[in-house]
Amino acid sequence: MAKKAKIESAKIDTLEKIARLLAALTIKDMKDDKAALTLDGAGFDAREISQMLHVNENYIHALKSRLKSTKKKKAIRS
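When you read off a place in the sequence shown, starting at 1, and then add 63, the result is the number in the numbering used here.
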């Protein structure tokens, strides 16, 4: 039973590495703001995004908040 759990854990670790590699290739030439939003859309959480972009986690939260605020303002104007 423990052996099966180790195999499953190894599969998840491998898939996570592949996902991070693909994410790194995708955001290679992007600025931090656009890269953060792209990674967020791909399902990465703020902690993971901040680690990939080498920025503070609060930066990611603030960026998402600003975007949400901008969308609300545009909706009100329409």
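C-beta: ideal position from N, C-alpha, C; glycine also.
Short Cβ contact (9 Å threshold) for residue i with residue j
i	j	result
L116	I81	no
A109	H124	yes
Y122	A99	yes
K127	D92	no
Nearest residue (CA-CA) to residue i, options the options
i	options	result
R83	K135, S132, F107	F107
S113	S128, R129, D95	D95
Where residue i falls, given that 16 or more other Cβ within 10 Å makes a residue buried
i	result
D87	Looking at the sequence shown, residue 87 is not Asp but Ala. Flag for A87 reads exposed.
E79	exposed
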